[in-house]
Structure formats: structure tokens, C-alpha cells
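I have placed the structure first, in the form of C-alpha cells, so that the comments after it can refer back to it.
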Amino acid sequence: MGNQQGSFLTAIDIGSAKTCAFMAEFTEAGLRYRGHGIAESRGSRKGVIVELDKAVASIQKAVEAAEDVAGAPVEHAIIGIGGAHIRGVNTHGGISLGTRPHEIGRDEIKQAVERARAIPLPADREILHLLPQEFILDEQAGIHDPLGMMAARLEVRVHMVTAATSATQNVITAVNKAGVHVDDTVFEPLAAADSVLRSDERELGVCLADIGAGSTELIIFQQGAVAWTGVIPVGGDHFTSDLSVGLCTPLSEAEKIKKIFGNAIVTLIPEGNEVEVPSVGDRPSRLMPQRLIAEILEPRARELFEMMRDTLRQSGMFDMCIAGMVLTGGASRLPGIFDVAESVLRRSVRLSWPAPLAKMPSTLSEPEFATVLGMANYGHRARIARGQQEDRWGTRLKALLVGKGA
Ligand SMILES: Nc1ncnc2c1ncn2[C@@H]1O[C@H](COP(=O)(O)OP(=O)(O)OP(=O)(O)O)[C@@H](O)[C@H]1O
Ligand SMILES: [Mg+2]
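Read in order, the letters of the sequence shown correspond to residues 89 to 494 in the numbering used here.
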């Protein structure tokens, strides 16, 4: 089956709640769905591996299920990196091309970007992405692609995303131990943006919030480029644990109750509705007002969007989001969360469903799969770019295992 690997692409999203392996095939008409597998995430929390063996087993389970559907082995994959250890910073660099204007080639662009990355980085951090925002040619700003243009000086503004080296390496190690070679790593919301944001939103200025289980990851686009990234350490798990404590019920029951009866707006629940709530220990279950569930969830939802608003204000990014906010990730499915987001942020907010691939089951067109689908799109574009650029600049393939040929 090794010969098929060239036309196949696998993305693995190791989330706090679920691990998903997604296989697609390159065809002349674009990417086509071939298979997927989902396993409950064990051994990983908030983007960090806490128990290696359990994380490896979850990855293996998801990968094997995907292989069964696709009828092909998974040897290589793109993996997602996320969590509170991620940092984003805007930097700037440039090179002189001589006293007279010079034609700008790929090497010059590469050198200018290299200068922008030359800022001191603590030993425990590594660069995940260098995302050019704009090029400046002899003080003329706002240039997206300077290739072939003339200038005496080339400067570039770059958004640099860094990650804790150990956190990234442990995720890579877990995937390797599950028998899969890691071709590339991608910051999760950057991938999710690929499957849910429209190009006019990216131009005007938009904030994508991926509300997962362990954290909420933010990415802002403006003028088509990444302007800012950040992470808020609150996700769907916090809503569940609030319910578990508030209703005095086990976490697993709180999770079910949240998904079936949850709402982030108290007044959307009719008075008089009652829900059976299991108890802990041997105590009998109780009937409780459904409004109580929303009374617990609403403050947590407000807090999440207040944290988001304050973080964006402090970083000077809030006013950039002219096209508003887009919510994705599993926790964005909580009914009423959209209304809370609009009332706290006072921006237009939309929920997002990822664009489906040909032949893909409709069950995958849900917000929690935006990241893995975006990773497949990202891999597709990287492969096209690689085909176009013989020197491979612009793609960041990380061949960790020798002999499996990226
Ligand atoms: N219908 C729903 N209502 C409320 N919450 C939901 C619903 N469906 C899923 N969730 C929540 O979404 C979260 C899982 O989302 P997702 O699959 O995007 O997370 P993840 O990618 O595994 O985690 P992370 O991105 O934080 O690492 C869980 O907290 C789950 O309770
Ligand atoms: Mg996620």
C-alpha cells in the first residue's frame, strides 16, 4: 500500500476531549474524504501529554479506525498543536539589496523573513509558524507578494507563533510511538481558520475562537494575514465541571446533561421544565429545574467572553475585528452561547460549520471537526506549494524519522 501514501494525506487532532484521525486523498478535483477514526482522548490535557502510554493508545485507536474505513495504512500525518503554552508575537526584519533597485527573488524573501525571526527566544521554546503579514519595499508598505518586484531594501512584518518545545516534542513522540511519522505541525486555530473563515472576513478583520474542551484558542486575521494569536485557558470542560459541582452529579453525567439540556441563557428555558439528575454515591437521582442548569452555565459563558474581550482589548486587537467573531470547536454548540457572545462582545458573531470534502459523512461537518478538516486543507495547500517551489521554501516539513521519506 506504500505507493498509495503519495496520494493520501492524514491529519491527526489530539484534543483534550477527542483524538481524531482524518484521511483524505488528492484527486484532480481536489481533496476527497477516505476515512476517519475518533477515540476518546486519554493522557492529554490542554494540549500537553500527561500520560504518554494512554495518549499513544488513543492515537492508535483513532488511526486504526481511520485505516479500516480507508482500507489503507497511515504512515505519515500532519498534527495539530494547541493549548496555553502557545504564544504569538509580531516581529519585523529586513535586508538591503544594494544602492540600486534589485529584482527580488525567493532567496531575498527568505533572508528577510530569517532576519525577522532573529529575536531572542528562551531555550525551552520553538517556532511553530512564521506568517508574513506584509512586505515593505523601499518604505512602500502593504505588499503581499514581492517576488519579481524591484527594490533597494526589502522589509517584512511577520507574526511568529511559538510553542513550548517539550510540549510539542511530547505530542510528536506520542504520534511516533503510535507508528506514525510526523510530517508537519500546525497551530490548531490556524488550521481551523482554513475550513471555516471566508476570504472577505480575513481581509476586513475577524477573530476566530476555537472553543474546545480544555482551552479557547484565538486567531485574528486582518488584510488577509494573521495579525494576532492567543489562548484563553477556559473551554467546555470548565462548563462541565461547574455543572458537576453545582448539581452534585458525576462529571460523566454532567457532560451528558450539558449536551442534552444545557443552555447559556437562563430565560430561554421555560419555567417548570424538570430534568432527572443522577446523584453521587448510592443516593437516588433527583428531579431538578432545567433553569438551574442554565443558571450555572450562563455565568461561565459570560466569563469566557469577558476574558476574550479583555484579552483582545489589552492587545489592541479588539477594534480590528470589523467583521466580528466566528465561533468554532465543540463547546460552541452549547445553545445560547452565540447570544452571550454577542451581548458581551457587542460585535456580530456567527457560528461555523466546516466546509465538507467530497464523499465526507455529514456527521463530520460539525464545529469540533473544523480543526482536523482545516489541517487536511493546510496539508493539501502545502503539497501544492511544494510542487511549485523546488527549493521547498514556504513549507515546513519536519522529517523526524529517517527512511520514511517525506
Ligand atoms: N452540544 C454540545 N453542547 C455543549 N457542549 C458541547 C456540545 N458538544 C460538545 N460539547 C463540548 O465541546 C468540548 C469538546 O470540543 P472539541 O472536540 O472541539 O474539543 P477538543 O478539540 O478535544 O479539545 P481542545 O481543542 O481544547 O484540545 C467538550 O467540552 C464538550 O462537552
Ligand atoms: Mg480542539
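All residues carry an ideal CB built from backbone N, CA and C; glycine is no exception. Predicted model, so just to flag it, every value in this text is computed and none were measured.
The closest heavy atom of ligand 1 lies 8 Å or more from the beta carbon of I174.
Within 8 Å of the C-beta of I192 there is not a single heavy atom belonging to ligand 1.
Comparing alpha carbon positions, the residue from K142, L292, L185 and A165 closest to F96 is A165.
Of the heavy atoms belonging to ligand 2, at least one sits nearer than 8 Å to the Cβ of E276. The DSSP assignment places complete beta strand (DSSP E) segments of no fewer than 3 residues inside the region 427-476 at 437-439, in order along the chain. In this structure, the beta-carbon distance from E359 to P377 falls below 9 Å.
Counting only runs of at least 4 residues, the region 312-388 fully encloses the following alpha helix (DSSP H) elements, listed from N- to C-terminal order: 324-335 and 339-349. As the crow flies, the alpha-carbon of L339 is around 46 Å from that of R474. Contact between S104 and G323 holds: their C-beta atoms lie close to 7 Å from each other, under 8 Å.
Contact annotation: I299 and A419 have beta-carbon atoms nearer than 9 Å. Excluding the 5 residues flanking it on each side, D101 has same chain C-beta neighbours closer than 6 Å at C108, G168, T459 and V460, in chain order. Within the same chain, and ignoring the five residues on either side of V144 in sequence, the residues whose Cβ sits closer than 6 Å to its Cβ are A262, K265 and A266. Residue pairing of G176 in beta bridges, as defined by DSSP: V249. Annotation: I320 to F406 spans about 15 Å, alpha carbon to alpha carbon. Proximity of the beta carbon of R390 to ligand 1 is not indicated: no heavy atom of the ligand is located closer than 8 Å. In this structure, ligand 1 has a non-hydrogen atom nearer than 8 Å to the beta-carbon of R421. Shortest gap from the CB of S453 to any heavy atom of ligand 1: 8 Å or more. Linking V246 to A315 through their CA atoms gives a straight-line distance of about 9 Å.
By the C-beta criterion, the region 127-141 is judged not to be in contact with the region 208-226, since fewer than 3 inter-stretch pairs fall below 8 Å. Along the region 146-225, the beta strand (DSSP E) occurs as fully enclosed runs of 3 or more residues at 164-169, 175-184 and 213-225, listed in sequence order. According to DSSP, C409 shares a beta bridge with no other residue. Cβ-Cβ distances below 8 Å link A117 to A446 in the same chain, with the five nearest sequence neighbours on each side left out; the list follows chain order. Look at S104: its beta carbon is less than 8 Å from one of the heavy atoms in ligand 2. By DSSP's assignment, R120 forms a beta bridge with E113 and A446. For T459, the distance from the CB to the nearest heavy atom of ligand 1 is below 8 Å.
Assigned with DSSP and collapsed to three states, E289 falls in helix.
Contact check for R213 and T273: beta-carbon distance about 14 Å, past the 8 Å limit, so the pair fails to qualify.
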